[in-house]
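So for the sequence shown, the numbering used here puts the first residue at 1022; every next one is plus one.
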Amino acid sequence: MIARAKITGTGMSVPDRVVRNDELASLMDTSDEWIRQRTGIEERHWIGEGESPATLAQGAARQAIADAGLEERDIDCILLSTLSAQHDFPGTSFFLQDRLDVAEVPCIDLRAQCSGFLYGLSFADSLVRTGKYERVLVVGCEVHSTGLDVSTRGRDVAVLFGDGAGAVVVEPVRDSDDPSGILDVRLHAQGRYAKKLWIEGPSSAQVPARLTHEDVDAGKIFPKMEGRFVFKHAVTRMPEVLREALEAASIKLADVDLFLFHQANLRINEYVAGQLEIPPEKLLHNIQRYGNCSAGSIPMLLAEATRGDRLREGQLVCMTAFGSGFTWASAVVRW
Ligand code: UT7
């Protein structure tokens, strides 16, 4: 009998190259002060020659698999969330699989942007609880740096994003006396606002060609965001779904030991924590060092929390995200 699914290992990987705010200020009309004040970001990591989404995902996956006490060949399913696929066709997960010593296991690319890791965790939870798969690798991985408009035209978005990957292994809990595991995950989406934070091209809906030279010149290949609109929805939806997940798991907010929020903006997270009266010491951030790594942000935080002794056996962690789609999600896990 499978009582529950649980996260048995965590890992993360970022490129070596550190890009500080001052370096961006040499490329566009921005400043270290503006970026820190509005977002909390001090630096981020960008890939260099020889690195790719698959190499970052591999680094995170290897750590997570070793942390779970497993061998790579023990993995029986790969779920990889990303909005910055290594190649749109076929994605990233296949290139990750090729770099791991795994069998011909299924590879699934998931597309839920900044909520992507929690979407992946939810599907892994279902796959493991139903007995379909036993050792699922869930990865959140982004390489934003190669797709940013680093001129002043793109400054509102370019300063926000970083490259990075986080991974976990999800396995069954068979002992009914073991209280640890994924207690609940709640997922939502609202397609009405898909164009509030998106990349317009290439688009297979554009006839006769999904990308033209004019599209490239017009900057359609770069992410665009209505920042204030997204901000307002983030600070509404995050508390909403967090409460929903806690209620579904029959957990009181005050009993949660650690809150891990998507790292889009330090001000968003502090505002949400303030609304919910979450004490600052229960909230962990890494946006200062990594920027917004979209689907990578939460599993990277989780990897840091477990290694830094911020999350110990028996403790409760609540992870909450909001992002493009719009998508939003929250998971409650007993470690
Ligand atoms: O990860 C998915 C979810 N994403 C989010 O949740 C992000 C939500 N949005 C935000 O975090 C914020 O809206 C931003 C950090 C993106 C922007 O902060 P803001 O306080 O909303 O600034 P704004 O867009 O209203 O821009 C204020 C001013 C504008 O100038 P004017 O019109 O007041 O003269 C911008 O042109 O700041 C200017 N600006 C910049 N200045 C220096 C925009 N980007 C920059 C920049 N450097 N990089």
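Idealized CB from N, CA, C, for every residue including glycine.
- In the structure shown, the three-state DSSP call for R1150 is helix.
- The three-state secondary structure of F1347, taken from DSSP, is coil.
- Closest in alpha carbon position to R1041, among G1080, V1180, P1111 and A1026, is V1180.
- Looking at the backbone, the Cα of D1097 and that of C1314 are separated by about 26 Å.
- Note that the region 1071 to 1081 touches the region 1158 to 1165; at least 3 beta-carbon pairs, one per stretch, sit closer than 8 Å.
- When DSSP states are grouped into helix, strand and coil, T1076 belongs to the helix group.
- With a threshold of 16 other beta carbon atoms within 10 Å, E1298 falls short and is exposed.
- In this structure, DSSP gives E1265 a helical state, which the three-state scheme calls helix.
- Shown here, A1326 sits in a helix according to DSSP, grouped into three states.
- The C-beta distance from T1031 to L1323 rounds to 5 Å, short enough to fall under 8 Å.
- Under the rule that a run must span 4 or more residues, the alpha helix (DSSP H) segments found entirely inside the region 1205 to 1293 read 1234 to 1238 and 1248 to 1269.
- Bounds of any beta strand (DSSP E) do not take in S1114; it lies within the alpha helix (DSSP H) bounded by S1114 to R1120.
- Cα atoms of P1200 and T1029: separation of roughly 14 Å, rounded to the nearest angstrom.
- Taking 9 Å as the cut-off, the Cβ atoms of M1321 and G1137 do not count as close.
- The DSSP-derived three-state label of M1049 is coil.
- Between the ligand UT7 and Q1296, a heavy atom-to-CB distance of less than 8 Å is absent.
- Among the bridge pairs identified by DSSP, E1163 is matched with G1185.
- Between Q1211 and G1069, the C-beta gap is not smaller than 9 Å, which leaves the two residues out of contact.
- By the Cβ neighbour-count rule, H1234 is exposed, with fewer than 16 other Cβ atoms within 10 Å of its own.
- CA-to-CA, the gap between L1267 and L1158 works out to about 25 Å.
- Secondary structure at I1068: coil, using DSSP grouped into helix, strand and coil.
- T1031 is bridged by DSSP to V1189.
- Taken through DSSP and simplified to helix, strand or coil, S1102 comes out as strand.
- Here the distance from the Cβ of W1356 to the nearest heavy atom of the ligand UT7 is not below 8 Å.
- Short note on D1278: C-beta not closer than 8 Å to any heavy atom of the ligand UT7.
- In this structure, the ligand UT7 has a non-hydrogen atom nearer than 8 Å to the beta-carbon of T1051.
- Closest by C-alpha distance to I1023, out of D1109, D1146, V1338 and A1270, is D1146.
- Sequence-distant partners of V1039 (beyond 5 residues in either direction) whose C-beta falls short of 7 Å from its own C-beta, in its chain, are E1064 and H1066.
- The beta-bridge partner set that DSSP reports for N1307 is empty.
- Of the heavy atoms belonging to the ligand UT7, at least one sits nearer than 8 Å to the Cβ of D1177.
- For F1343, the Cβ falls inside the 8 Å cut-off from some heavy atom of the ligand UT7.
- Taking C-beta separations shorter than 8 Å and ignoring five residues to either side along the sequence, the partners of G1061 in its chain run N1286, L1287, R1288, H1306, I1308 and Q1309, following chain order.
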